[in-house]
Amino acid sequence: MALRLWARGFSSAPAAAAASSLLRSDGYIGGRWVGAATTFPVLEPASGAELRRVADCGPAECRQAVSAAASAFGSWKEAPAKERSALLRKWHDLMIQNKDDLANIITAENGKPLQEALREVLYSAGFVEWFSEEARHIYGDVISSPMRDRRILVLKQPVGVAGIITPWNFPSAMITRKVGAALAAGCTVVVKPAEDTPLSALALAELADQAGIPAGVYNVVPCSREKTPSVGEVLCTDPLVAKISFTGSTATGKILLRQAASTVKRVSMELGGNAPFIVFDSADIDRAVAGALASKYRNSGQTCVCTNRFLVQKGVHDAFVKRFAEAIQRELRVGSGFQEDTTQGPLINEKAVEKVERHVSDAVSKGARIVTGGKRHSFGKNFFEPTLLSEVTTDMLCTQEETFGPLAPVLKFDTEEEAVAIANSTNVGLAGYFYSQDPAQIWRVAERLEVGMVGINEGLLSSVECPFGGVKQSGLGREGSKYGIDEYLEIKYVCYGSL
Ligand code: ADP
Numbered sequence: 035m036a037l038r039l040w041a042r043g044f045s046s047a048p049a050a051a052a053a054s055s056l057l058r059s060d061g062y063i064g065g066r067w068v069g070a071a072t073t074f075p076v077l078e079p080a081s082g083a084e085l086r087r088v089a090d091c092g093p094a095e096c097r098q099a100v101s102a103a104a105s106a107f108g109s110w111k112e113a114p115a116k117e118r119s120a121l122l123r124k125w126h127d128l129m130i131q132n133k134d135d136l137a138n139i140i141t142a143e144n145g146k147p148l149q150e151a152l153r154e155v156l157y158s159a160g161f162v163e164w165f166s167e168e169a170r171h172i173y174g175d176v177i178s179s180p181m182r183d184r185r186i187l188v189l190k191q192p193v194g195v196a197g198i199i200t201p202w203n204f205p206s207a208m209i210t211r212k213v214g215a216a217l218a219a220g221c222t223v224v225v226k227p228a229e230d231t232p233l234s235a236l237a238l239a240e241l242a243d244q245a246g247i248p249a250g251v252y253n254v255v256p257c258s259r260e261k262t263p264s265v266g267e268v269l270c271t272d273p274l275v276a277k278i279s280f281t282g283s284t285a286t287g288k289i290l291l292r293q294a295a296s297t298v299k300r301v302s303m304e305l306g307g308n309a310p311f312i313v314f315d316s317a318d319i320d321r322a323v324a325g326a327l328a329s330k331y332r333n334s335g336q337t338c339v340c341t342n343r344f345l346v347q348k349g350v351h352d353a354f355v356k357r358f359a360e361a362i363q364r365e366l367r368v369g370s371g372f373q374e375d376t377t378q379g380p381l382i383n384e385k386a387v388e389k390v391e392r393h394v395s396d397a398v399s400k401g402a403r404i405v406t407g408g409k410r411h412s413f414g415k416n417f418f419e420p421t422l423l424s425e426v427t428t429d430m431l432c433t434q435e436e437t438f439g440p441l442a443p444v445l446k447f448d449t450e451e452e453a454v455a456i457a458n459s460t461n462v463g464l465a466g467y468f469y470s471q472d473p474a475q476i477w478r479v480a481e482r483l484e485v486g487m488v489g490i491n492e493g494l495l496s497s498v499e500c501p502f503g504g505v506k507q508s509g510l511g512r513e514g515s516k517y518g519i520d521e522y523l524e525i526k527y528v529c530y531g532s533l
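Per this note's numbering, residue 35 is the first one in the sequence shown, and the count goes up by one each step.
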């Protein structure tokens, strides 16, 4: 009942939090729910209300989880791939059966609109399904031997215990994209979810338990921002942990890389981006506007592949800006994620709103023009108006840093060379988008953009089948796709001699 009230937009999220059968407050370690000496609050970004208090696990609980994962590793890696595959499939099926409940939890703790949360659940379950299939497609090699009396084999083996540190913008999918691959490969995991959104990670633990995933294979240690550095340090330095996989900011990624160096752990890093979105003169403007809207304003601009800079060629610049502004005003509605027509929920917290505000005021002080939006939204404390700025230049903060909010800055350019140079003039390279109908230009630009993922005439590009990851300081490794499982596998060369 309470969950239905959420869905109708009543402001009863905290009361409903008590009602979901998937809501948990304790850490999940070695197949048991484990409390901690203190708790920390999980807040609803839309209202600021406390949803629940969750166990504030510290280094001791984290070590316990690592040790549980290390004990479970022995039998999990020996389990036939078919068995691991079936368990992952069961986990996926339970996620689908509980999709509405999981979506409600995401909307409550993250703020994104319920329909978007539901899409995240399907995307998240999709990774578990994909890797349940990949589990059975891990192949070694037999290599032609350079000697008559030797045979050469290559085995693929799981790396061991993986420490998984995830962000709040996809509270469910950023976990399964890593954990699905890890478990399929035969690794066991300790997940440290973001402090803003631990409830989705714990709900996944409840479903993993129901699916029969053995104790110690999937562990979760929720903790507050204060405890985070010490818990992170255990994961990055404990010799029992073989691998760190992280999604989050580049700054935090660098800290983890430094810490992981002391025991030379394998690392996967999905870090920040500064995605360019280039509209060339030959583009279909209406398609470009639709792509721009999706790429910029999904999740209120809070994804690492959201466009951060729009570069528009001078022949279509004015028409694009005009139609983009009209589309923003026509299509986007700010409100609580539980209201049916909402497309723009709150930002995650006050700090996030302050950053958008800072980027707008910096740009305006340097000559940018506010076409639409530009300030906090009257709906509530963490809400910001979908904003479009024109006359933006490369010296403005909003083009240099990832805004991670609903701000679309538009720069005007003259030539293709200029656009590619601006797009590449950053030390990160995750996603990049461009709109063009000139085939030669399409090849040139796709090859020249220094990013890990390119959208051509497309503003949304993530799917479980495709490799997600970046170049430069956007990270190391790829997730999802047939490549994602390699991040959790070691290559062992076996030389069989004296034949
Ligand atoms: P944001 O600033 O948006 O929260 P972060 O990169 O700081 O982005 O957060 C992503 C994840 O990294 C979260 O789970 C957060 O708790 C975690 N994190 C932040 N700092 C550290 C740290 N020093 N050690 C380990 N994890 C960290």
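Glycine included, C-beta positions come from ideal geometry on N, C-alpha and C.
Exercise. Curious, which full-length beta strand (DSSP E) runs of at least 3 residues does the segment 245-301 contain?
Worked result: 252-254, 275-281
Problem set entry | For R185 and C221, the rounded distance between their alpha carbons | 28 angstroms
Problem set entry | Runs of beta strand (DSSP E) wholly within the segment 398-435 (minimum 3 residues, chain order) | 403-406, 421-424
For this session: Using three-state DSSP, classify N16 as helix, strand or coil.
Result: The structure shown does not extend to residue 16, since the chain spans only 35 to 533, so no value can be given for it.
Exercise. Given that a residue counts as buried once 16 or more other Cβ atoms are within 10 Å of its Cβ, and exposed if not, what is G401?
Worked result: exposed
Exercise. Rounded to the nearest angstrom, how far is the Cβ of L327 from that of A359, given a contact under 8 angstroms?
Worked result: So it is not a contact: roughly 11 angstroms between Cβ atoms.
For this session: Taking only heavy atoms of the ligand ADP into account, decide whether any of them is closer than 7 angstroms to the Cβ of T210.
Result: no
Exercise. Are any of the Cβ atoms in chain D nearer than 8 angstroms to that of A249?
Worked result: Among the chains in the structure shown there is no chain D, since it carries only a single protein chain.
For this session: Mind reading off the beta-carbon distance from A225 to A235? Whole number of angstroms is fine, and I expect it under 8 angstroms.
Result: Just to set this straight, residue 225 is Val in the shown sequence, not Ala. Indeed they touch by this definition, with Cβ atoms about 6 angstroms apart.
Exercise. Taking the C-alpha atoms as reference points, what is the distance between V394 and F74?
Worked result: 33 angstroms
Exercise. Whose C-alpha, out of Y157, L423, L85, E521, is nearest the C-alpha of A276?
Worked result: E521
Exercise. If you check the beta carbons only, do N342 and L381 fall under 8 angstroms apart?
Worked result: no
For this session: Determine the burial state of N333: buried for a count of at least 16 other Cβ atoms within 10 Å of its Cβ, exposed for fewer.
Result: buried
Exercise. Unbroken beta strand (DSSP E) runs of length 3 or more, entirely within the segment 167-226: which are they?
Worked result: 175-177, 185-192, 195-199, 222-226
For this session: Note down, in chain order, each residue of its chain lying with its Cβ closer than 7 angstroms to the Cβ of G194, except the 5 sequence neighbours on either side.
Result: F107, C221, A276, K277
Problem set entry | Close-in-space but distant-in-sequence residues of the same chain around Y173 (CB under 8 angstroms, 5 per side omitted) | K190
Problem set entry | Simplified DSSP assignment, three categories, for G82 | coil
Exercise. Between E229 and the ligand ADP, is the CB less than 7 angstroms from at least one heavy atom?
Worked result: yes
Exercise. Closest to Q149 by CA distance: which of G160, A99, K133 is it?
Worked result: K133
Exercise. For A11 versus P192, is the C-beta distance shorter than 8 angstroms?
Worked result: With the chain covering 35 to 533 only, the question about residue 11 has no answer from this structure.
Problem set entry | Per-residue burial, Y530 [other beta carbons within 10 Å of its own, 16 or more giving buried] | exposed
For this session: Report the option in L56, P79, C338, L274 whose CA atom is closest to the CA atom of S105.
Result: L274
For this session: If I'm right that E304 touches G160 with Cβ under 8 angstroms, what's the distance once you round it to whole angstroms?
Result: The pair is not a contact, with the Cβ atoms about 17 angstroms apart (cut-off 8 angstroms).
For this session: Measure the C-alpha to C-alpha separation of Y469 and V313 and round it to an integer number of angstroms.
Result: 5 angstroms
Exercise. What did DSSP end up calling G65 once you bin it into helix, strand or coil?
Worked result: coil
For this session: Tell whether a beta-carbon distance below 8 angstroms holds between R403 and S424.
Result: yes
Exercise. Alpha carbon to alpha carbon, what distance is there between A151 and P256?
Worked result: 21 angstroms
Problem set entry | Where the alpha helix (DSSP H) through L523 begins and ends | That residue, L523, is in no alpha helix (DSSP H); its beta strand (DSSP E) goes 523-530.
Exercise. Closest to S81 by CA distance: which of Y517, R292, T141, E419 is it?
Worked result: T141
Exercise. How long is the line joining the alpha carbons of E513 and F438, rounded to whole angstroms?
Worked result: 21 angstroms
Exercise. Is L464 near the ligand ADP, in the sense that its beta carbon is under 7 angstroms from a heavy atom of that ligand?
Worked result: no
For this session: Could you tell me which residues DSSP pairs with F354 in its beta bridges?
Result: Beta-bridge pairing links F354 to no other residue.
For this session: Could you work out which residue in S399, L445, F418, D396 is closest to E384 when comparing CA atoms only?
Result: F418
Problem set entry | Minimum C-alpha distance to A103 - residue among V254, Y157, P79 | V254
For this session: Give every residue of the same chain whose Cβ lies closer than 6 angstroms to the Cβ of K506, excluding the five residues on either side of it in the sequence, and list them in chain order.
Result: N461, V462, G463
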